[in-house]
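Have a look at the structure below, then the notes.
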Amino acid sequence: MANPFAVVSPEEMKAEKAAQLFVEMYSDYPQIKRPGNIIMTGARGCGKTMLIRCCSPDVLMLKDNKRLDELEYLAFHIPVKKTSLCLSELRFLENRHAPYLINEHFLVLNLLMYSLLDLSVIEYPVYEPEAYKKFFENTYSRYLRMSGCKNEIKVNYESPKDFFLSLYHHAEEMQADFIGYILRLNPNSDKLDPAYDLPLLSFLRFVVPVFKDLINLPGFRQNANIYFFIDDADNLSITQTKILNTWIACRTQPTISLKVSAQYELYKTYLTSNDILIESPHDYQSVNISLRYTTNYIGKFKDKAIEILAKRLLSAGIEQTPEKFFPAYSIQEDGIQREIQLIRDNYTISGRGTRVDDDIRRYAIPNYIKKLGGTKKSRSTFRYAGLENMIHLSSGIIRNLLDAAANMYDAACAQCGEDTPIAFIDTDIQNRVLRNQSDAFLYTELRHSNTGYADTNELQPIASPKNDIEKLQNLICAMGQTFHDILVSDRSERKVFSIALSNAPDDEIKRVLKTGVRLGYLHEATIGNKAGNGRTWLYILNRRLAPSFVLDPTGFQGYLFMTNDDLHRAMTTGRQLRVIDDRLDGDVEQLSLFDIWED
């Protein structure tokens, strides 16, 4: 049986499957569907591309049971990562003739190709060949000629699909000609570069007029808005990003809106081709679609995550709820319930919180972990299992949850046999997979992350300073060890997952923390400072790492204030952040629901 939790690239997903599995994850989804430019950032695996795929017309028509001419907007998915836009040979254009004009042509050409390809797979309610012929002759062909295209296009008018497919094939030929030109450039030759005699398509002089006229063809909703979703834009070069920012600055919305997605902290520049800064909210809206669930919105994420898992189980013919398919470890649950009862029984005598439920949330699981044994090795028998643990350990990234579920399903099949129906995932398998993923994330994936791009010439990969990766790993280990020690201490605040900065970080600390955020090991937010007269930075440990340090990933967490000296020592030694004195409860602060500000 196929793995129901296997992650398939949304670009390759059929419309029927995408419509079946789509869950509206984000409160920002209505904003993304409205006219207007958006730069949408988020951690890798948070669901940006799936969201884009499900805005495509073929999916919307199935999901909303509408015809093409009933859709409020027409969206096109323009993936960057899988295109020739990432050709390393494009660096040969730098410091040569018209690098912006030629790069823009290639950007527009890729946008055109993917849009025409999308148009060639849609079901059209009506077709009037004469209207399509008029559009081609008076608009499409005219603007191509004005852009310098001299090739004859063989247009097929048998159906709308054939029409757009024939235009796509011509765009393919233009792309082949362009790549051929790039490959003829020789940066090491003393000879003159070959003359550029190919078309020069542009956003304002080709895309805008052509698509404004296209939307009025029979079969489309007249004057509907057009959205271009530029996916994985962090893979563009600086020159290409500046060109894209120039398009954003043109403000062609509401007719044409640009929806740009990029990994958090990796969008290369917000300057245009003229080195003018694009600004939010004047030129675009900024949306971080993953940060909401990495801080204090886990309740909303939990509901959506359960819905996603339920849909995948249903699509695989498994008649089981996610809660029952991923059961908790009953022996451990019984032990935690005993701790809960002890807290209830002793609350009037030794209670610390304002309500008994506060003490249960803070101490039940930590008390259970502490009683597992006097050594960390004994405490490692704590079993990470059950749907709630899985959701918390995903740290707000749906890809983490699905990867864990898929690995558990594969392990269960290997244990029971491929032909044996899987009714649930044993807690031992759940625990083993979650622990292995945590250790791999910390000790394997982090060491593979020491590559990046220089700020000045991003087309040449460089190695990030090895010490920064080592310092980040040391810092993470120091955080994990300290948080575990606090968890099994006698302090009043024992569930800690974050550090707050007592003073302004120096350049080295900024660099290491930024690397941690960019790679997803830390989440960044702000918190009220100790003096109560301002804000300071808060860095939350990715909950995926909880099994590596035997931490409780559930519920609201406290935070620990750190000085620069504390952080430098932790980054150098990998040992405790600082000595935690059980008598000084004020060292650890408790987050309230409204403490965190997103940044």
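Residue numbers (my numbering): 457 to 1055. Built from N, CA and C at the ideal position, the CB exists for glycine as well.
| Check | Outcome |
| --- | --- |
| Own chain, CB closer than 8 angstroms to Lys767, minus 5 neighbours either side, in chain order | Gln476, Leu477 and Val479 |
| Ser1004: first and last residue of the uninterrupted beta strand (DSSP E) it sits in | Counting along the chain, Ser1004 falls outside any beta strand (DSSP E), though it belongs to the alpha helix (DSSP H) covering Ala1002 to Phe1005. |
| Beta-carbon separation (whole angstroms), Asp687 vs Ser717, contact threshold 8 angstroms | 5 angstroms |
| CA-to-CA distance, Asn985 to His979, given in whole angstroms | 18 angstroms |
| Separation of Ser693 from Leu915, as counted between CA atoms | Only weak support exists for where Leu915 lies, its pLDDT of 40 falling under 50; the value from the coordinates is given anyway. Those two C-alpha atoms are separated by around 7 angstroms. |
| Helix, strand or coil at Trp1053 according to DSSP, with G and I counted as helix | Low confidence applies here, because Trp1053 scores a pLDDT of 40, under 50, leaving its location unreliable; read the following figure in that light. Strand. |
| Exposed unless 16 or more other CB atoms sit within 10 angstroms - verdict on Asn493 | buried |
| Straight-line gap, Glu472 to Glu775 (C-alpha atoms, nearest Å) | 21 angstroms |
| Delimiting residues of the alpha helix (DSSP H) encompassing Gly972 | Asp963 to Arg974 |
| Lys470, DSSP secondary structure in three states | coil |
| Nearest candidate by alpha-carbon position, reference Arg839, set Thr1019, Tyr899, Ser786 and Leu857 | Ser786 |
| Contacting residues, own chain, Cβ-Cβ under 7 angstroms from Leu575 (five flanking each side not counted) | Phe620 |
| The stretch 729-743 / the stretch 494-503 touching (three or more Cβ pairs under 8 angstroms) | yes |
| Beta bridge counterpart(s) of Ser713 as assigned by DSSP | Tyr683 |
| Any beta strand (DSSP E) of 3 or more consecutive residues that is wholly inside the stretch 822-873 | none |
| Residue range of the unbroken alpha helix (DSSP H) whose run includes Tyr624 | Pro616 to Arg640 |
| Cβ neighbours of Asn434 in the same chain (closer than 7 angstroms, five flanking residues each side left out) | There is simply no residue 434 to check, as the chain begins at 457 and stops at 1055 in what is shown. |
| Beta-carbon proximity check, Leu943 vs Leu994, cutoff 9 angstroms | no |
| 6 angstroms CB neighbourhood of Gly809 in its chain, flanking five on each side removed | Asp815 |
| Neighbourhood of Asp911 by C-beta, 6 angstroms cutoff - its chain only, sequence neighbours within 5 removed | Because the pLDDT at Asp911 is just 41, under 50, the model does not fix this residue reliably, and the value given afterwards should be weighed accordingly. Answer for Asp911: no residue qualifies. |
| Cβ-Cβ separation, Gly972 to Leu928 (assumed contact under 8 angstroms), whole Å | 5 angstroms |
| Cα-Cα separation, Arg797 to Leu843 | It is Gln, not Arg, that sits at residue 797 in the sequence shown. Each residue's Cα considered, the two are about 23 angstroms apart. |
| Sufficient close CB pairs (3 or more, under 8 angstroms) joining the stretch 930-945 to the stretch 995-1007 | yes |
| Beta-carbon spacing of Leu660, Tyr683 below 9 angstroms | no |
| Option nearest Gly990 by Cα separation, candidates Gly1014, Ser771 and Asn959 | Asn959 |
| Of the residues Glu779, Gly873 and Glu608, the one placed nearest Phe880, counting alpha carbons only | Glu779 |
| Beta-carbon proximity check, Gln893 vs Asn856, cutoff 9 angstroms | yes |
| DSSP bridge partner residues for Tyr529 (one or two, in chain order) | Asn681 |
| Top-ranked residue by Cα proximity to Phe676, from Ser603, Ile983 and Leu530 | Leu530 |
| Buried or exposed (CB count within 10 angstroms, at least 16 for buried), Ile534 | buried |
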